[in-house]
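Here is the structure we will look at, set down as structure tokens.
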Ligand code: NI
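Residue numbers (our numbering): 8 to 176.
Structure (structure tokens):
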């Protein structure tokens, strides 16, 4: 297994639209293992392939406290979203140190392939529901800061570019 490097906003590659996974083969299984290692090492609860510069529809997640409920979604599609929404504080491994409110559906039903290539339907609420919606946005090339005002987003951009320049020098 290997840790992968995570793209950091405002990297333009984060805006790539992912294509469907063609086959759940050895290459995808290795990618899943590497993405879990990367996510756990970064103390994240979700990671989309887009964030490690692989533009295929694959997400890994684990919203448990004990890190013992790994969940893989391949080619996920939301089949139902609750009309009730809630404002939640979100963060993202690609936007380090930034947290802000995003309005999302309280519950969603998602259909996806699992790591064995089996079709599954998952009913998600609360944190898992938010996480699924956040990660599925990544597959469409959308980062959560794009829900914020242009003013806030520009402030975040400037801050992250500056932080990276300082850490590189
Ligand atoms: Ni994210």
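Idealized CB from N, CA, C, for every residue including glycine.
query, result
"Proximity to residue 105 [Cα-Cα], best of 84, 152, 141, 111", "152"
"Contact between the segment 155-165 and the segment 123-143 (3+ Cβ pairs under 8 Å)", "no"
"beta-carbon residue 12 near the ligand NI non-hydrogen atom, thresh 7 Å", "no"
"Outcome for residue 94 when other beta-carbon atoms lying within 10 angstroms are tallied against a minimum of 16", "exposed"
"Local conformation of residue 84 per DSSP, three classes", "strand"
"Secondary structure, beta strand (DSSP E): runs of 3+ residues fully inside the segment 43-86", "53-55, 65-68"
"Residue from 103, 174, 81 with nearest C-alpha to residue 146", "81"
"The segment 105-118 touching the segment 168-176, judged by at least three CB pairs closer than 8 Å", "no"
"Residue 151 Cβ short of 7 Å to the ligand NI heavy atom set", "yes"
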